[in-house]
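Please read the structure below before turning to the comments.
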Amino acid sequence: LVERSYIYDPLNFQRQQLRIVTLLPGRRSTPLECTIATVDLGSDELVYEALSYEWGDPAGARMEILLDGRRFLVRKNLWSAMKHIRNRTKMRRLWIDAICINQEDLSERSHQVGLMGDIYRKAESVIAWLGEKGEESGLAFSSLKGLAIYGYYEIGLARAASALASLLERPYWRRIWIVQEFLLARTVIVHCGFNHASAEHLRAAGHLYGFGVEAGNRDLWNNRNLKIRIEESPGMRLLERRCDGLQQSIHDLLKACQGSKSSEPRDKIYALLGLASDMPKDAITVDYSISL
78 LVERSYIYDP LNFQRQQLRI VTLLPGRRST PLECTIATVD LGSDELVYEA LSYEWGDPAG
138 ARMEILLDGR RFLVRKNLWS AMKHIRNRTK MRRLWIDAIC INQEDLSERS HQVGLMGDIY
198 RKAESVIAWL GEKGEESGLA FSSLKGLAIY GYYEIGLARA ASALASLLER PYWRRIWIVQ
258 EFLLARTVIV HCGFNHASAE HLRAAGHLYG FGVEAGNRDL WNNRNLKIRI EESPGMRLLE
318 RRCDGLQQSI HDLLKACQGS KSSEPRDKIY ALLGLASDMP KDAITVDYSI SL
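Under the numbering used here, think of the first position of the sequence shown as 78, with each following residue one higher.
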């Protein structure tokens, strides 16, 4: 997963401890520097954001950050996320699974995955990292501002709707873990490159394009397949489920998420435990040491 010279101090599982990374401020050109601290999840003073992202190719390039002054290698997509969300003047306290969990310690990994529902539920906000900017992403985010000001009767809406559809079809939305991360969050801020918007704003934009078709906007009517494309995108489906707030059984969740992806087969179950309305917390013990 990562190559590291960093040595973790053990966590106290009885106290539901976890680690929080502080991302130090810096300019775009400066190296990524972090500190890491052990905290109790139940502490009333604990304030942090949680990062939701796609891990990416396990065989891909590794990028260097400094963790407590020591070299620590992470996958490129995480490195890019940290570069883009870093503040130039303020520190950011973050929970990032690839750094905060000792991935080489199966007992710790199992314990922390068992806490992930509570970790994302307690976070002040969840940062949903879709990836670096693309041809469509700048237009999609700029159109969100236009929609807020002008509504959907704007010239060139079909192109903007297509850009939004592309954003909602990115690989990020197909990860099994983001279902829990997204639905349990108090607030979700969606980032793509240096652009960002709230989950609610993104959902409202999808609906406005649909209303534009129904109202007979010529540009959208001539491209009305875009309405279906947005509605059926994995991103829009998740945004709608966040708004619905419906409780679901483990059976219903497994059915709804059968197209979601995971490199670890056990995560098809583990990733949904925090959402299942019919599963007591101790019904299934997360354990990565058990052979399949």
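Just so it is clear, CB atoms sit at the ideal spot from N, CA and C, and this is done for glycine as well. Bear in mind that the values here come from a model prediction, so they are computed numbers and not experimental data.
Cutoff 6 Å; reference threonine 264; Cβ partners in own chain excluding five residues on either side: On the sequence shown, residue 264 is found 187 positions in, with the first residue counted as 1. Its chain contains Ser202 as the residues whose beta carbon lies nearer than 6 Å to that of threonine 264, once the 5 sequence neighbours on both sides are disregarded; these appear in chain order.
Counted within 10 angstroms of its Cβ, other Cβ atoms place proline 87 as buried (16 or more) or exposed: To locate residue 87, count along the sequence shown from 1; it is residue 10. Exposed.
Residue range of the unbroken alpha helix (DSSP H) whose run includes asparagine 302: The count along the sequence shown starts at 1 and reaches residue 302 at position 225. According to the DSSP assignment, asparagine 302 belongs to the alpha helix (DSSP H) that extends over 302 to 308.
Through-space distance from serine 239 to glutamate 110, alpha-carbon basis: As a working mapping, residue 110 is identified with position 33 in the sequence shown. As a working mapping, residue 239 is identified with position 162 in the sequence shown. Computed Cα separation, rounded: 37 Å.
Boundaries of the alpha helix (DSSP H) in which asparagine 154 is found, first to last residue: Within the sequence shown, residue 154 is the residue found at index 77, counting from 1. Where asparagine 154 is concerned, the enclosing alpha helix (DSSP H) stretches over 153 to 162.
Rounded C-alpha distance that separates alanine 205 from serine 368: For the purposes of this step, residue 205 is taken as residue 128 along the sequence shown, with counting starting at 1. For the purposes of this step, residue 368 is taken as residue 291 along the sequence shown, with counting starting at 1. Cα to Cα, alanine 205 sits roughly 32 Å from serine 368.
Assigned secondary structure, aspartate 117 (DSSP; H/G/I helix, E/B strand, else coil): Numbered from its first residue, the sequence shown carries residue 117 at position 40. The answer is strand: DSSP assigns aspartate 117 an E or B state.
Same chain, Cβ closer than 6 Å to leucine 128, five either side skipped, listed in chain order: Within the sequence shown, numbered from 1, the residue matching residue 128 stands at position 51. Taking leucine 128 as the centre and dropping the five residues before and after it, the same chain places the C-beta of Leu171, Ile173, Ile204 closer than 6 Å to its C-beta, in chain order.
Cα-Cα separation, threonine 107 to arginine 147: In the sequence shown, counting from the first residue as 1, residue 107 sits at position 30. In the sequence shown, counting from the first residue as 1, residue 147 sits at position 70. Taking the straight line joining both Cα atoms gives about 16 Å.
For asparagine 272, the nearest candidate out of Leu303, Tyr249, Ser220 (CA to CA): Here residue 272 corresponds to residue number 195 of the sequence shown, with the count starting at 1. Ser220 is the residue among Leu303, Tyr249, Ser220 whose C-alpha sits nearest the C-alpha of asparagine 272.
Three-pair Cβ contact test at 8 Å for the segment 354 to 366 versus the segment 324 to 332: Inter-segment contact for the segment 354 to 366 and the segment 324 to 332 is present: three or more beta-carbon pairs are separated by less than 8 Å.
Serine 202 in three-state terms, based on DSSP: As a working note, residue 202 is residue 125 in the sequence shown. Strand, per DSSP.
Cβ-heavy atom distance, arginine 165 to the ligand HEM, below 7 Å: Within the structure as shown, the ligand HEM is missing, as the structure has no ligands at all.
Among Arg318, Leu260, Leu207, the one whose alpha carbon lies nearest that of serine 157: The sequence position of residue 157 within the sequence shown is 80, counting from 1. Checked all of Arg318, Leu260, Leu207; the closest Cα to serine 157 is Leu207.
Beta-bridge partners of alanine 127, as assigned by DSSP: Counting from 1 along the sequence shown, the entry for residue 127 is found at position 50. DSSP lists Trp172, Val203 as partners of alanine 127.
Isoleucine 142: first and last residue of the uninterrupted beta strand (DSSP E) it sits in: Numbered from its first residue, the sequence shown carries residue 142 at position 65. Note, isoleucine 142: beta strand (DSSP E), 139 to 144.
Helix, strand or coil at isoleucine 178 according to DSSP, with G and I counted as helix: The sequence position of residue 178 within the sequence shown is 101, counting from 1. Secondary structure of isoleucine 178 (DSSP, three-state): coil.
Backbone secondary structure at serine 354 - three-state DSSP: Start at 1 with the first residue of the sequence shown, and residue 354 comes out as number 277. It is coil, neither helix nor strand.
Range covered by the beta strand (DSSP E) that runs through alanine 274: As a position in the sequence shown, residue 274 is number 197, starting the count at 1. Start and end: 272 to 275.
Threonine 264 - partner residues in DSSP beta bridges: The count along the sequence shown starts at 1 and reaches residue 264 at position 187. BP columns for threonine 264 are empty, so no partner.
For arginine 165 and arginine 104, the rounded distance between their alpha carbons: Along the sequence shown, read from residue 1 onward, the residue named residue 104 stands at position 27. Along the sequence shown, read from residue 1 onward, the residue named residue 165 stands at position 88. Within the model, the alpha-carbon separation for arginine 104 versus arginine 165 is close to 6 Å.
Limits of the alpha helix (DSSP H) - the one that isoleucine 346 falls within: Here residue 346 refers to the residue found at position 269 of the sequence shown. 344 to 347 is the span of the alpha helix (DSSP H), which, as asked, contains isoleucine 346.
Alpha-carbon to alpha-carbon, glutamate 246 and leucine 349: Here residue 349 corresponds to residue number 272 of the sequence shown, with the count starting at 1. Here residue 246 corresponds to residue number 169 of the sequence shown, with the count starting at 1. Cα-Cα distance, rounded: 21 Å.
Exposure of proline 248, with buried meaning 16 or more beta-carbon neighbours within 10 Å: Position 171 of the sequence shown, counted from the first residue, corresponds to residue 248. With fewer than 16 other Cβ atoms within 10 Å, it is exposed.
Own chain partners of lysine 167 with C-beta closer than 7 Å, once the 5 adjacent residues on each side are dropped: Locating residue 167 in the sequence shown gives position 90, counting from the first residue. Closer than 7 Å at Cβ, skipping near neighbours: Pro102.
Terminal residues of the beta strand (DSSP E) in which leucine 109 lies: In the sequence shown, residue 109 corresponds to position 32, counting from 1. Where leucine 109 is concerned, there is no enclosing beta strand (DSSP E), given that its DSSP letter is neither H nor E.
Three CB pairs or more closer than 8 Å across the segment 178 to 186 and the segment 117 to 132: Cβ pair count under 8 Å is below three, so no.
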